[in-house]
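Asker: My questions will all concern the structure given below.
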Amino acid sequence: MGDVTSEPDPRLLGTYLNDHLAGAGAGVDLASRIARVHQGTPSGPALAHVAAEIARDRTALLQIMKDLGVPRRRTKALLGRLAEKVGRLKLNNRLLRRSPMSSVVELETLWLGVNGKSRLWRSLRAVAAGDNGLSPQLLDHLLDRARQQADDLEDLRMQAVEEAFGVLSHRM
69 MGDVTSEPDP
79 RLLGTYLNDH
89 LAGAGAGVDL
99 ASRIARVHQG
109 TPSGPALAHV
119 AAEIARDRTA
129 LLQIMKDLGV
139 PRRRTKALLG
149 RLAEKVGRLK
159 LNNRLLRRSP
169 MSSVVELETL
179 WLGVNGKSRL
189 WRSLRAVAAG
199 DNGLSPQLLD
209 HLLDRARQQA
219 DDLEDLRMQA
229 VEEAFGVLSH
239 RM
């Protein structure tokens with residue numbers, strides 16, 4: 069995949085982690101907003117639970133970065149959160165009120181983010197094999213939690229599909 073004879077650039081891990089931190093901030097914002105919108109609905113408690121876990125995962129990432137001595141790049145994190153807010157501008161065929169399709173699109177976006185986070189934990193698990201102070205057990209726990217979040221979000225997304233489009237899902 070690259071020049072295997074050269075030494076890895078230690079800055080690359082910092083860039084990678086800061087990129088994921090930017091995505092994590094956007095994910096926290098999106099998950100919190102979705103949970104707020106659905107508060108008091110049947111899916112509300114599950115969404116609140118996922119939102120809380122996503123916030124804990126961001127905190128875990130910050131701690132990992134601190135443990136590795138990776139400086140936090142606040143500008144990149146701000147850009148990630150700004151991108152999440154700009155993403156809200158999609159009207160979904162409604163001008164003054166929320167479209168039922170909004171939940172479908174938002175849950176798909178969140179699912180994509182959780183799967184990206186899963187790849188982060190998996191990548192860090194490989195890095196942990198180099199005995200750099202990363203806890204393989206913690207990373208395994210975070211990876212398992214991301215998998216469960218993705219499954220929960222898919223269930224919630226299919227419920228949103230049923231509500232938005234009036235179809236019954238064919239769950240496997």
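Numbering-wise (the working numbering), the sequence shown opens with residue 69 and increments by one. Note that CB positions come from ideal geometry on N, CA and C, so glycine has one too. Since the model is a prediction, treat every value here as computed from it, not as a measurement.
Beta-carbon separation of Ala116 and Ala103 under 9 Å?
Answerer: Contact flag set, yes.
Asker: Return the chain-ordered list of same chain residues with a C-beta closer than 6 Å to the C-beta of Ala232, the five sequence neighbours on each side being excluded.
Answerer: Once the five neighbours on either side are set aside, the close Cβ partners of Ala232 are Pro168, Met169, Val172.
Asker: Since I believe Asp125 is in contact with Leu210 (beta carbons under 8 Å), could you give me their beta-carbon distance rounded to a whole number of angstroms?
Answerer: Going by Cβ atoms, the distance from Leu210 to Asp125 rounds to 6 Å, so yes, they are a contact pair.
Asker: Output the distance between the C-alpha atoms of Glu121 and Arg213, rounded to the nearest integer angstrom.
Answerer: The straight-line gap from Cα to Cα measures roughly 8 Å.
Asker: Please check if any C-beta of chain D sits within less than 9 Å of the C-beta of Thr109.
Answerer: Chain labels in this structure do not include chain D; a single protein chain is all it has.
Asker: Do three or more CB pairs link the segment 200-209 to the segment 88-98 at distances below 8 Å?
Answerer: No, the segment 200-209 does not touch the segment 88-98.
Asker: Among the residues of its own chain, which have a CB less than 7 Å from the CB of Arg215, if the five just before and after it don't count?
Answerer: Result list for Arg215: Ser186, in chain order.
Asker: Looking at Val105 and Asp220, is the spacing between their C-beta atoms short of 9 Å?
Answerer: Going by C-beta atoms, Asp220 is not nearer than 9 Å to Val105.
Asker: Excluding the five sequence neighbours on either side, which residues of its own chain have a C-beta within less than 6 Å of the C-beta of Arg162, listed in chain order?
Answerer: Here Arg162 scores only 49 on pLDDT, less than 50, and its place in the model is too uncertain to base an answer on.
Asker: Hey, would you say Asp135 sits closer than 9 Å to Gly201, going by beta carbons?
Answerer: Yes, Cβ-Cβ distance for Asp135 and Gly201 is below 9 Å.
Asker: Is the separation between the beta-carbon of Leu188 and that of Val138 shorter than 9 Å?
Answerer: Not in contact: Leu188 and Val138 (Cβ atoms no closer than 9 Å).
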